[in-house]
Amino acid sequence: MRVVAVRQANLRQSAAASAEIRAIWREVAALPRGSVSTYGGIAARAGLPRRARLTGHALKVAPKSLALPWHRVVAAGGRIAFPRGSAAHREQCRRLRAEGVEVIRGRVRLPKAQDLDALLWGSAR
DNA sequence: GTTGTGACATTAT
DNA sequence: CATAATGCCACAA
184 MRVVAVRQAN
194 LRQSAAASAE
204 IRAIWREVAA
214 LPRGSVSTYG
224 GIAARAGLPR
234 RARLTGHALK
244 VAPKSLALPW
254 HRVVAAGGRI
264 AFPRGSAAHR
274 EQCRRLRAEG
284 VEVIRGRVRL
294 PKAQDLDALL
304 WGSAR
């Protein structure tokens with residue numbers, strides 16, 4: 184029985200896991216230009232509630248060839264997930280601003296209406 | 001198989 | 001604003 188459990192875990196690691204990862208990639212790729220969403224929000228929309236961390240992981244392992252708009256994904260409250268001053272942090276700010284998103288002290292303005300709307304209903308206005 | 005870490009979130013101090 | 005406690009879970013050591 185332990186053996187079975189372990190085997191299941193191993194299986195999940197290789198094949199199945201990427202299905203969830205792919206679901207997340209899909210959601211991220213669907214983010215409209217100039218909008219932002221959160222890790223938890225993306226996970227939820229991908230059908231993976233409470234798996235914000237997985238979103239982070241998915242982005243980390245995402246192949247560059249996908250050219251995902253990772254910069255449109257921020258932490259809860261609009262915070263940039265990277266430490267202030269880090270290269271990644273600056274890069275994300277830069278990209279966001281280039282899309283017209285206001286970034287203030289490592290925090291993006293999540294227009295309330297748009298915020299909750301986007302999180303609960305997707306960007307579909 | 002256990003442990004520590006992490007592009008997280010939420011709630012409570 | 002900062003910390004801590006929980007929850008969640010993939011991954012590497």
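As numbered in this note's numbering, residues 184 to 308 make up the first sequence, in order.
We put the CB at the ideal spot given by N, CA and C, even for glycine.
Bridge partners for Ile287 per DSSP, in chain order?
Arg290
Rounding to the nearest angstrom, what Cα-Cα distance links Gly223 and Ala258 in this structure?
8 angstroms
Pairs of beta-carbons, one from the stretch 265 to 285 and one from the stretch 203 to 210, closer than 8 angstroms: are there three or more?
Segments in contact, no.
So what does DSSP say about Ser248, is it helix, strand or coil?
It is helical.
With a threshold of 6 angstroms on Cβ separation, who are the neighbours of Ala264 within its own chain once the five nearest residues in sequence on each side are excluded?
Same-chain partners within the cutoff: Ala258.
Answer yes or no: do Leu279 and Arg255 have a C-beta to C-beta separation smaller than 9 angstroms?
yes
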